[in-house]
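Okay, structure first, notes after.
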Amino acid sequence: MDQWVYGELAVLSLMVFGLFGIAMVQKNRANQVLLAGQTQISELRRHTIIRLEHENAELKSMLRAHKGQVAHLSRLLESSW
Numbered sequence: 003m004d005q006w007v008y009g010e011l012a013v014l015s016l017m018v019f020g021l022f023g024i025a026m027v028q029k030n031r032a033n034q035v036l037l038a039g040q041t042q043i044s045e046l047r048r049h050t051i052i053r054l055e056h057e058n059a060e061l062k063s064m065l066r067a068h069k070g071q072v073a074h075l076s077r078l079l080e081s082s083w
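The working numbering puts the last residue of the sequence shown at 83; the count rises by one with no breaks.
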């Protein structure tokens, strides 16, 4: 082979490795963005679960209070007959 062919092959090899390097950098950036998004989603889920548990506790408390009121009213009705 001629000398210039080896030079062209060397240049092509460098270009391929350069493109591979760029692709790896972009892949790493995409992974970082994905991981950051997953972290945000996990944090939102955690906050949502905490909020729902708090609301659930409030609703249970309200239900107990209403059951107590119903029981009290039932006793009043029974005693008035």
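We put the CB at the ideal spot given by N, CA and C, even for glycine.
Looking at the structure shown, is residue i part of a helix, part of a strand, or coil, going by DSSP?
| i | result |
| --- | --- |
| TRP6 | helix |
Looking only at its own chain, which residues have a Cβ that is under 8 Å from the Cβ of residue i, when we skip the five neighbours before and after it?
| i | result |
| --- | --- |
| ALA32 | none |
What residues in its chain sit with their C-beta under 6 Å from that of residue i, if we drop five residues either side in the sequence?
| i | result |
| --- | --- |
| GLU80 | none |
The ligand ZN and residue i: does any heavy atom of the ligand fall closer than 7 Å to the residue's C-beta?
| i | result |
| --- | --- |
| GLN42 | No copy of the ligand ZN occurs in the structure displayed, which carries no ligand at all. |
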